[in-house]
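Under UniProt numbering, the letters of the sequence shown match residues 1 to 96, in that order. All residues carry an ideal CB built from backbone N, CA and C; glycine is no exception. Quick caveat: nothing in here was measured; it's all calculated off a predicted structure.
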Amino acid sequence: MKNFLDFNKMITPSIIKIIFIIGVVISVLMGISLIGAGLDNPYGGSGSVFMGLLTIVIGPLVTRVYCEIIIVVFKMHESLHDINSKIKVQEDDRDM
Numbered sequence: 001m002k003n004f005l006d007f008n009k010m011i012t013p014s015i016i017k018i019i020f021i022i023g024v025v026i027s028v029l030m031g032i033s034l035i036g037a038g039l040d041n042p043y044g045g046s047g048s049v050f051m052g053l054l055t056i057v058i059g060p061l062v063t064r065v066y067c068e069i070i071i072v073v074f075k076m077h078e079s080l081h082d083i084n085s086k087i088k089v090q091e092d093d094r095d096m
């Protein structure tokens, strides 16, 4: 609990996985909705069908890229934390 309150343990990387799954589900449902609207259109809805297919394919990819960008920020934080702790150990060794 102390790590949580002191922000020593980051929870966002765990939440990002859930956000990714939700984003993919929303993209697929929106794509299916667009396809359904296009097929239901009596005047020809080929544009909606095409956009629905595009949403099903591109939506999860865009969601993945967005989530990866956020994860990279946290990986950089972890790497900088590791570097900082190694430097502190080296400084402590020199002081002895």
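Range of the contiguous alpha helix (DSSP H) that encloses residue i
i, result
"Lys9", "It is not in any alpha helix (DSSP H) - Lys9 carries neither H nor E in the DSSP assignment."
"Asn84", "46-95"
Integer Cβ distance of residue i from residue j, believed to fall under 8 Å
i, j, result
"Ile26", "Gly52", "Between Gly52 and Ile26 the Cβ distance is about 13 Å, and since that is not below 8 Å, they are no contact."
"Thr55", "Val24", "Their Cβ separation, rounded to whole angstroms, is 11 Å, which puts Thr55 and Val24 out of contact at 8 Å."
Reduced DSSP category for residue i - H, G, I as helix; E, B as strand; rest coil
i, result
"Asn41", "coil"
"Met30", "helix"
If you pair each beta-carbon of the region 38-48 with each one of the region 63-83, do three or more pairs fall below 8 Å? No, they do not touch.
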